[in-house]
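Novice:
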Amino acid sequence: MYHEQTTRDIRRRRRRRMMAALVACLLVAAVVVGFGAVGASLREQGAAAVRDTVLDAAMQCCAIEGAYPSSLDYLEREYGLRVNHDDYVITYEAFAGNVMPSVVVVPR
Numbered sequence: 070m071y072h073e074q075t076t077r078d079i080r081r082r083r084r085r086r087m088m089a090a091l092v093a094c095l096l097v098a099a100v101v102v103g104f105g106a107v108g109a110s111l112r113e114q115g116a117a118a119v120r121d122t123v124l125d126a127a128m129q130c131c132a133i134e135g136a137y138p139s140s141l142d143y144l145e146r147e148y149g150l151r152v153n154h155d156d157y158v159i160t161y162e163a164f165a166g167n168v169m170p171s172v173v174v175v176p177r
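Here it is in structure tokens:
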């Protein structure tokens, strides 16, 4: 049976639609913020992994040759170290052959 909608019914329906749209917008915003946080965390973990890899290669060089390498290029050339320079900025500072180098990796 058909009955005419009252002003109260129309307002209720409009309020429900507005609340549904607001909840949907909030969910979309939460997903976007979540993906951004996950992406930043993955970049930081990747930078830590690259730093550990560079230090491992430097320690291997020291164990084989008796001295730490003087540059990152030497590790790439002689020990097959491969680093994605497009994604990371790597600062490799060697003080002396018998002192472990300082390695700082920053995601771009």
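Residue numbering for the sequence shown follows my numbering, starting at 70 and increasing by one per position. Where a beta carbon is used, it is the ideal one built from N, C-alpha and C, also for glycine. In this text, all values refer to a predicted model and were calculated from it rather than measured experimentally.
#1: Under 8 Å Cβ to Cβ from VAL107, same chain only, skipping five residues before and after it: list those, please.
#2: From GLY115, ARG151, VAL168, pick the residue whose C-alpha is nearest to that of GLY135; which is it?
#3: So GLU162 is in the beta strand (DSSP E); what residue range does that whole segment cover?
#4: Would you kindly report the start and end of the unbroken alpha helix (DSSP H) that includes VAL175?
#5: When the distance is taken between beta carbons, is LEU144 closer than 9 Å to ALA132?
Specialist: In brief:
#1: Taking the sequence shown and counting its residues from 1, the one referred to as residue 107 is at position 38. Around VAL107: no qualifying Cβ.
#2: On the sequence shown, residue 135 is found 66 positions in, with the first residue counted as 1. Residue VAL168 is the option with its Cα nearest to GLY135.
#3: Locating residue 162 in the sequence shown gives position 93, where the first residue counts as 1. Unbroken beta strand (DSSP E) run through GLU162: 157-162.
#4: As a first step, residue 175 is located in the sequence shown; it is residue number 106 there, counting from the start. Careful: VAL175 lies outside any alpha helix (DSSP H), inside the beta strand (DSSP E) at 171-176.
#5: Numbered from its first residue, the sequence shown carries residue 132 at position 63. Numbered from its first residue, the sequence shown carries residue 144 at position 75. Taking 9 Å as the Cβ cut-off, ALA132 and LEU144 do not qualify as a contacting pair.
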